[in-house]
Structure formats: C-alpha cells, structure tokens
Amino acid sequence: SLVVLFGATAGAYGAKLGSDERELILLVWQVVDLHSKKVGTLHKSLVKADNLDLSDQCREVSGLTPEGLGKAEPLDRVLQQFSQLVSSDLKVLGRSSYTLCSDGQLLIRQVLHPETSKKNFLLSDCFYSFYDLRKEFHTCYPSSAAVKDQTIKTMAEYLGLGTDEAEEDFGVWQVKTMVAIIFSMLSEGCNHAFTEPETVKYKYETGPCSKSETVDSETVIRARGLPWQSSDQDIARFFKGLNIAKGGVALCLNSQGRRNGEALVRFVNSEQRDLALERHKHHMGSRYIEVYKATGEEFLKIAGGTSNEVAQFLSKENQVIIRMRGLPFTATQEDVLGFLGPECPVTGGKEGLLFVKYPDGRPTGDAFVLFSCEEYAQNALKKHKEILGKRYIELFRSTAAEVQQVVLNRYMSTPLIPTLPTPIIPVIPPPYTIATGSIRDCVRLRGLPYTAGIDDILEFMGDATGDIKPHGVHMVLNQQGRPSGDAFIQMKSADKAFMVAQKCHKKMMKDRYVEVFQCSGEEMNFVLMGGTLNRSGLSPPPCKLPCLSPPAYAAFQTAAVIPAEAAALYQPQALLPTTRTPQASAAAPPTVTYYPAQAAQLYMNYTAYYPSPPVSPTTVGYLAAPPGAVAAAATATHTPILPQPGALVRMQGLPYNTGMKEILSFFQGYQYAPDDYNGLIQLSDQARSVLQAPKEWVCL
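Residue numbering for the sequence shown follows UniProt numbering, beginning at 1 and increasing consecutively.
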C-alpha cells in the first residue's frame, strides 16, 4: 500500500518549499491499495506553527489564515493522529504495511525532517523511506518532462486527466490528482511497479577517507559560520533529511589547529548536494549557516589521509571520537586512561589513544580517544577542564576528518606563507600605503561574494567610486590566500565614508547583501591583524605569538621563502622607514620591492608570524633595498645560519595598534652590530655593506 502525502508550509511553495525554514501548516493524505486499487478516507489536517505569520504566497495559494491555524494541533500531535488514522484505514483495506508517496523530495527531506529535528522529537520509521512520484512517473513515461520540471499539474496534463484545481480545497485536489496519476501508472498499458523507494539515513556514519579516493565535486559543499564547538553529528543534524556520505563531514582547522567555523560536507549524490545548497542561511541554534559549493579536491585536502597510524586508529568504525587538548608533554597512555577513569572506558584500551606529535617526535599536547558509545563519550566530556598533573585538560567532540587533518596536515605541512597568491606579471608597487589614525575616512565591506573582484566593488559603490582614494581598495584574504568576503576602502574624507556606509549598507551584490561599516585606518589595521569590527564596536585581535621554543628546539627552524613574484604585491613603505640620515635620504634612489628568491630568505616560525584570517596582502612583511643591492645580493650563495645566542629580543604586551614607528622609537639609540645582520638575513658582503650604513633595525 501507498500513503499519498501532500504538505505546505507558512512560506515558499512549489520548487522552493522548505528553503526559507518556515514551518509546516498543512498535511493531506490518503491510503491507496495497489493490488485492489481501492483507496481509504482522504484526511486533511491543519498544523499549528510557532510562527503564524503567513507569507503572501502562502495566503494566496492555500487560502489559509492565522486565525484558522491558531485552533489547530501542533506538529507532534498531528503526526500521532496521522499514524493512528493510517493504521485504521489499512485495517479496513485488509493491509498491514505501507510506504509514503510524495510529490518530489522536498516535503520529506526539506520540511519534515529538519523541523522535527529542531523541535527535538523523532519521526516514525515510515518517514525514512518514500517514493518520489515525479521519478516514478518519469520512469513509467520516459518521454515526459525531466524530473526537476515535473509538477502535479504537468503530470496530470500529460495523461490528459480532466481535473479542475479550483473545484477542490487546497491540498485535497493535489492528493486526488496524485492518486489518479498512480492508478494510470498501474493500468494494463503501463503495469508500473513501485520497487525502489528513496531512503533517508537514520544517522551519520563516521569513517576515514583516503587521499587516493575520487570525490565528485558535484557532491561537496562548504558550510560557514558554524559554532566553534560543533561536532560532525551537529552538522549532520543541521542537514537532517539529506544523505551524507560515510565520513563525509570534515571540520576545517586554522593554522593553530583550532576549528575556524567552517566544514566541508560530502553527500551521496549531486541531488542531495543541490538540496543542501537550499539550506543557505538556515539556522543552527541562533546562528545562520552559509552554504556554498565546494570541490572534491578541497574535501580531500581536509579529510584525506594516508598515515598507517591514523588508518589503524580509525579502523574501528562507528566509534565516538573525543579530542583532548592541553595534555602535559610528559603524559603517557596510562596517565590519560587514569584521567578518564573506569566510568568512560576507552575502546581497546591503549589502542584507542592517538597522541599527536610534531614531525621531530615532540608531543603537541593533543590526543584523540575512541569510545564505543555515546554514554561513555558524555562521561568523558564531563571531565572538561579537570586537572591532569598541573594542567587543565580541554575535551571536545571530534571527527575522523579532524584526526587526519590534525595529525597529517597541521603538524606535517609546509609553511603557510608560500600559499599567498603569486601575480602573473610582477609589478613595482606605487607609493601608496594603508593610512593609520582615528579619522573615520574608511569603510569596511563584509559579506562579499567570494567571486567578487575590484570591478564588482566599484560597481557596487556606484557614484561614490569618484570619492575613493587612489589604490584605496584593499581585498582581505584568508590564510589560504583566497577572498575572505571582506574588503576595506579608503575614502577621500570622513563625510564621504559616512555617506557610503548609509547608502550602501545591506545593498545587494550578485545574490548576497553586503554590510558596510564606517571605520578609521587604525580600526582597519586592527581587523587585518585578526580583530573584529561591527556596529557594536571594535574587538582587538588576539595575541598570535606563542613562547619561543626551548634551546633544544630552535624557534627559527623552518625556512619560509616568499618568491620574488609574490613580493611585488606588498608596498615597501609598510615595513622599513627611510633612513634617518639626511644626506643618505637625499641621495637614495626610489625604493623598490626587494625579494630575490635565492638571496634574501626569511627564516621565521610561520605559526607565530603568520596572522590568522582575515589577512590582507599588505600586512605581510618584506624588505626594501636600493636597486644596487639587488644585483649584488642576487649572486650570493650562502648556508642558512641561526641567530647567535642573545642576538634576539622578544617584546610582549605591545598595544594592539603598535606600528613600526613606535617600535623603532622605543629602541632608539640601540643599533645592530655590523656582523649581526646575517642573524636575520643571509647576504653577501657587498650587499651587507649597503645595509650597514647607516645602521638600522630590521624588523620581521
């Protein structure tokens, strides 16, 4: 037997059903016996929504009113009545089992499952299997329109069914017409058999992903704006009703190994992916989540792994994974098992523990733990911030993709700086710099489409483009060198910036609205270094510099080389001031970007010096030198030498708005000895002589 089901929400109708997160307000159904071709009683039930504000389209199409819905039962009671009435009709027809049949996938996948998940009650088993009448119709009649173009009306017209929609109540006509279509498909000329129902997964299955796998780019999305404590199960719940591939949730981490509010999700097919895209700006708790297309290559970069150690750890499927952070570096497996205690036994004992280490074998203070059930994992999470040794330990839910990303990518990757985009044609940067100060003559654009370029921003600004300073548009990149959705624009005056913010705030660019805030150059620099700025005010960036490593592990152990082509992106005035000697200043030629790939290499701890997103290309340091030094240094050969003991100083407690001038002023009167330049930069003798007179601080 089939139960033909139709529903409507308080918002969009038709192809956009469920895309606006509106609640269900109507259910209509009827039982159909496929063998005897008999039908049960047609039932229509209104549903009382929490929000009775109906859209104009809903009022027009359905004819329902808030007053009428206010007298209805809530969804959980209506679903109970549905089960009871269906069981009663089946008994009358002499049947015991049934499968749902709906017009398309939206009612089941995009309305019922998400809404019941948010309201925290379970759907009965019958809602996890259903027939899509549009697909069944196209299978029976291959010459009909494509599945995505089918509607109840077009299917009825194809069969020549003479039904008048105006004669019946909304929902009743739809169900009666669907029943008539089914009977036509069962006729002797077609003899259609309903054999392959659509299925909805009961729960998300965890599992590892290999870098050698082939991932279809048409099945992957990127979710942004996730709460930092979100787990893979939370993300699967957000996409409830859609089938996520096994191990298909990959949480993205920043350069410090912490979650950055993004995740890549892989679905079983492109149809499920397309439905997921319709949940753009749906809510997880109080936060809206942005959903965009992504590629299979991006998914594999985050979720893929090839480590035998990780593969063996993740070989036990359907385990709950907990991440521990802040462990003492001397902690052993016995210490961790003792910390967790007998109330939360680890799967396989010591085999269920995986310590994360740096490439040289040093412990990072992170570990992953496997638990066989949710109860044990919950007991473990209750120990969040309890003490082990002299340190408190943080515990979080984790995923198989996060295990692989942390173990393989985070601690065994190359420095992040080379991922900055390299221009195709090197250019000499013009003498324009990002302004500083408290004058609010800048605006910030937030929420730009990732495909937006300078031309799109200028078109968005309209008539105000004439008030932009030369080279005053600054695109903000994330740590992968890709657009972050933010941009800063320097206007000619504070009044112009105010007018732009008032005129363009929440104006549409392509398919997204863009927020526009007035700000100062100082606030702009704050945000470029990791702070936040909105209409509520300014939050300074967090300190990104960790303590230097102990003597046994030199802090500057990774060579991060910025190629000559990339150096052309950065403006020379932003790092080194001109010389303070008047005579030398008068004779100095124009400054050019100085970054020969085989001469001046920067040796830095990229974790410490590379700012977290957002980051602008103009915030990355570089060296400026006269053209004469370039030719001299380009021919130099050298062996990297670490700084001599005592040659470095570290500054803590700097104000967040501290600039190069303030640091140089603070150290005024102190200079490097001539031989100490090669503690920071390896140069030939001829090139070093250019920098030694006059002596200056070189800041990285």
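In this text, a Cβ means the ideal position worked out from N, Cα and C, and glycines have one as well. Values in this document were obtained by computation on a predicted structure and should not be read as measured data.
Taking only runs that begin and end inside the region 96-151, name each unbroken alpha helix (DSSP H) of 4 or more residues, in chain order.
-> 113-118, 133-140
Nearest-angstrom Cβ-Cβ length linking residue 755 and Q150, presumed shorter than 8 Å | In this structure the chain extends from 1 to 700, so residue 755 is not present and cannot be described.
Which residues does DSSP pair with M491 in a beta bridge?
-> In the sequence shown, counting from the first residue as 1, residue 491 sits at position 491. Looking at the DSSP assignment, M491 forms a beta bridge with I468.
If you count every other CB in all the chains shown that lies within 10 Å of the CB of S19, and 16 or more means buried, which is it?
-> Taking the first residue of the sequence shown as 1, we reach residue 19 at position 19. The residue is buried, with at least 16 neighbouring Cβ atoms inside 10 Å.
Option nearest T139 by Cα separation, candidates N379, K469, E309, F194 = In the sequence shown, the residue the question calls residue 139 occupies position 139. The shortest Cα separation from T139 among N379, K469, E309, F194 belongs to F194.
Could you tell me which of K507, R482, S484, H474 sits nearest to M491, measuring between CA atoms?
-> Taking the sequence shown and counting its residues from 1, one reaches residue 491 at position 491. Ranking the options by Cα distance to M491, first place goes to H474.
Would you check if the region 508-517 and the region 435-454 touch, i.e. whether three or more CB-CB distances between them fall below 8 Å?
-> yes
Candidates K48, D169, T347, C442: which alpha carbon is nearest A501's?
-> Reading the sequence shown from its first residue, position 501 is the one you call residue 501. Comparing Cα-Cα distances from A501 to each of K48, D169, T347, C442, the minimum goes to C442.
State yes or no: is the C-beta of I221 within less than 8 Å of the C-beta of V291?
-> Numbered from 1 along the sequence shown, position 221 holds the residue referred to as residue 221. Numbered from 1 along the sequence shown, position 291 holds the residue referred to as residue 291. Yes.
Proximity below 8 Å, CB of L159 to CB of A401 = For the purposes of this step, residue 159 is taken as residue 159 along the sequence shown, with counting starting at 1. For the purposes of this step, residue 401 is taken as residue 401 along the sequence shown, with counting starting at 1. In this structure, A401 does not lie closer than 8 Å to L159 by Cβ.
Determine the closest residue to N254 out of A10, I489, N478, with distance taken between C-alpha atoms.
-> By one-based count along the sequence shown, residue 254 stands at place 254. The shortest C-alpha separation from N254 is found at N478.
CB-CB under 6 Å to D232, same chain, minus the five flanking residues each way: which ones, in chain order?
-> Here residue 232 refers to the residue found at position 232 when the sequence shown is read from its first residue. The residues are V249, T399.
Among L64, F127, H384, S210, which one has its Cα closest to the Cα of Q404?
-> On the sequence shown, position 404 is the one that residue 404 refers to. Per the Cα distances, S210.
Cβ shell of G104 (< 7 Å), same chain only, five flanking positions each side left out | In the sequence shown, counting from the first residue as 1, residue 104 sits at position 104. Answer for G104: D132, R134, listed in chain order.
Keeping to the same chain, check which residues put their C-beta closer than 7 Å to that of R95; ignore five residues upstream and five downstream.
-> The residue given as residue 95 occupies position 95 in the sequence shown. Same-chain partners within the cutoff: S1, D33.
Any idea what DSSP makes of E205, helix, strand or coil?
-> As a first step, residue 205 is located in the sequence shown; it is residue number 205 there, counting from the start. Of the three classes helix, strand and coil, the one that applies to E205 here is coil, per DSSP.
If you count every other CB in all the chains shown that lies within 10 Å of the CB of P614, and 16 or more means buried, which is it?
-> For the purposes of this step, residue 614 is taken as residue 614 along the sequence shown, with counting starting at 1. In this prediction, P614 scores a pLDDT of 38, lower than 50, which makes its location untrustworthy; no coordinate-derived value is stated.
Cα-Cα separation between E351 and G304, rounded to whole angstroms | For the purposes of this step, residue 351 is identified with residue 351 of the sequence shown, where counting begins at 1. For the purposes of this step, residue 304 is identified with residue 304 of the sequence shown, where counting begins at 1. Going by the C-alpha atoms only, they are around 22 Å apart.
Would you call A146 buried or exposed, if buried means 16 or more other Cβ atoms sit within 10 Å of its Cβ?
-> Taking the sequence shown and counting its residues from 1, one reaches residue 146 at position 146. Answer is exposed; the Cβ neighbour count stays below 16.
Identity of the residue in L395, V320, D366 nearest E375 by Cα = Counting from one through the sequence shown, the residue named residue 375 turns up at place 375. That would be V320, whose Cα lies nearest to the Cα of E375.
For F488 and R446, believed in contact at Cβ under 8 Å, the rounded distance | For the purposes of this step, residue 446 is taken as residue 446 along the sequence shown, with counting starting at 1. For the purposes of this step, residue 488 is taken as residue 488 along the sequence shown, with counting starting at 1. Contact flag wrong, Cβ pair sits at about 10 Å.
Could you tell me which residues DSSP pairs with K496 in its beta bridges?
-> Here residue 496 refers to the residue found at position 496 of the sequence shown. According to DSSP, which records beta bridges pairwise, K496 is partnered with nothing at all.
Taking three-plus beta-carbon pairs below 8 Å as touching, is the region 280-288 in contact with the region 326-341?
-> no
Report the rounded CA-to-CA distance for residue 741 versus L24, giving the unit in angstroms.
-> Missing from the structure shown is residue 741; the chain here goes from 1 to 700 and no further.
Q518, enclosing beta strand (DSSP E) - first and last residue | Here residue 518 refers to the residue found at position 518 of the sequence shown. Note, Q518: beta strand (DSSP E), 512-519.
Cα separation between L664 and E262?
-> Start at 1 with the first residue of the sequence shown, and residue 664 comes out as number 664. Start at 1 with the first residue of the sequence shown, and residue 262 comes out as number 262. Computed Cα separation, rounded: 39 Å.
Enclosing beta strand (DSSP E) for D50 [first to last residue] | Numbered from 1 along the sequence shown, position 50 holds the residue referred to as residue 50. Run containing D50: none; DSSP gives neither H nor E here.
Helix, strand or coil at S212 [DSSP, three-state] | For this step, residue 212 is matched to residue 212 along the sequence shown. It is coil, neither helix nor strand.
Is the CB-CB distance between A49 and A10 below 8 Å?
-> As a working note, residue 49 is residue 49 in the sequence shown. As a working note, residue 10 is residue 10 in the sequence shown. For A49 and A10, yes; Cβs fall inside 8 Å.
Flag this pair as yes or no: are the beta carbons of E136 and M185 separated by less than 8 Å?
-> Against the sequence shown, residue 136 aligns to sequence position 136. Against the sequence shown, residue 185 aligns to sequence position 185. In contact: E136 and M185 (Cβ atoms closer than 8 Å).
Round the Cβ separation of G521 and G653 to the nearest angstrom and send it over; I've been treating them as touching at under 8 Å.
-> Residue numbering aside, residue 521 sits at position 521 when the sequence shown is read from its first letter. Residue numbering aside, residue 653 sits at position 653 when the sequence shown is read from its first letter. Incorrect: roughly 23 Å between the Cβ atoms, too far for contact.
Same chain only: Cβ atoms within 6 Å of S87, ignoring 5 sequence neighbours per side = Taking the sequence shown and counting its residues from 1, the one referred to as residue 87 is at position 87. None.
Rounded C-alpha distance that separates A236 from P197 | For the purposes of this step, residue 236 is taken as the residue at position 236 of the sequence shown. For the purposes of this step, residue 197 is taken as the residue at position 197 of the sequence shown. So the alpha carbons of these two residues sit roughly 22 Å apart.
As assigned by DSSP and simplified to three states, the class of Q30 | In the sequence shown, the residue the question calls residue 30 occupies position 30. DSSP places Q30 in strand when its eight states are reduced to three.
For G485, does the count of other Cβ atoms within 10 angstroms reach 16, so buried, or fall short, so exposed?
-> Mapped onto the sequence shown, residue 485 falls at position 485. So G485 counts as buried.
Looking only at its own chain, which residues have a Cβ that is under 6 Å from the Cβ of N260, when we skip the five neighbours before and after it?
-> Taking the first residue of the sequence shown as position 1, residue 260 is located at position 260. The answer, listed in chain order, is C252, N254.
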